[in-house]
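Since the structure comes first, as structure tokens, the remarks are kept for the end.
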Amino acid sequence: EDKVVQSPLSLVVHEGDTVTLNCSYEVTNFRSLLWYKQEKKAPTFLFMLTSSGIEKKSGRLSSILDKKELFSILNITATQTGDSAVYLCAVTETSGSRLTFGEGTQLTVNP
Amino acid sequence: DTGVSQNPRHKITKRGQNVTFRCDPISEHNRLYWYRQTLGQGPEFLTYFQNEAQLEKSRLLSDRFSAERPKGSFSTLEIQRTEQGDSAMYLCASSLFWAIGELFFGEGSRLTVL
């Protein structure tokens, strides 16, 4: 069965700090790894990664995948209070039908 | 609003009652997913449709749960004989069939079983 483990589960930082969120996975037939942000209710898509070593970047957020070591990181630089959310990591298999999510990392950015 | 719409947003019911949730996906999306999320956990896959066909159902899904998407547009998720363990947020998501993984989620229907 597919498995996604995120760490840390919870993180509290001050505005302006840089954070790194971790995601490790076990999946039989890996297709892609995805990051979502969940503020209150609906998760919203951030990144999809399919190839090792290629960084995806959007503003202050960036992510990279290591398919050999089976992990991904999500970096957020110059954090803002609006970055406070749960960040979810998920994987899909080659069948592509379902996402298997990790527990998420609760990030709190204090002013 | 052209996002994914779910209703009711909240449902409180007594154990043993049946409940039904509705999801209206983004109109051009042919894939529709149901997930369940409990506090402190990530969303857990329940089932998904491509158009009106239910293509996969979680092995963990009890026979008390049934989902339909009769015309390939909106979907319903029914839970029969609810149990306290069914209390959770039920999330619906939709996507284009080729955009694997990039799901658009609704705000969820929160179920509380007393």
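Order-wise, the sequence lines are chains A and B. Residue numbering for the first sequence follows this note's numbering, starting at 3 and increasing by one per position. Residue numbering for the second sequence follows this note's numbering, starting at 2 and increasing by one per position. Every residue gets a Cβ at the ideal spot worked out from N, C-alpha and C, and that includes glycine.
| Asked | Found |
| --- | --- |
| Three-way DSSP call (helix, strand, coil) for D25/B in this model | strand |
| Contact under 9 Å by Cβ, S60/A with I75/A | no |
| I80/B - containing beta strand (DSSP E), residue span | 76 to 80 |
| H114/B versus L97/B, I80/B, Q55/B, R60/B, residue with shortest Cα-Cα distance | Strictly speaking, residue 114/B in this sequence is Val, with His absent from that position. It is I80/B. |
| Partner residues on chain B for R62/A, Cβ-Cβ distance less than 7 Å | What R62/A touches in chain B: nothing, since even the nearest Cβ is about 21 Å away. |
| Neighbouring residues, chain B, relative to L109/A (Cβ below 9 Å) | Residues of chain B passing the Cβ test: none, with the nearest at roughly 14 Å. |
| Touching by the beta-carbon criterion (3+ pairs, under 8 Å), the segment 32 to 47 of chain A and the segment 11 to 20 of chain B | no |
| Sequence-distant residues of the same chain with beta carbon closer than 8 Å to K69/A, five excluded per side | F32, S53, S54 |
| Of the listed residues E3/A, Y89/A, D85/A, nearest to T114/A (C-alpha basis) | Nothing about residue 114/A can be reported from this structure: the residues present for chain A run from 3 to 113 only. |
| C-beta contact flag for E17/A and T81/A at 9 Å | yes |
| Counterpart residues of D85/A in DSSP-defined beta bridges | According to DSSP, D85/A bridges with nothing at all. |
| Contacts of Y49/B in chain A (Cβ-Cβ under 7 Å) | S99, R100 |
| A44/A: first and last residue of the uninterrupted beta strand (DSSP E) it sits in | First-last for A44/A: undefined, no H or E at that position. |
| Minimum Cβ-Cβ distance from A80/A to chain B less than 9 Å | no |
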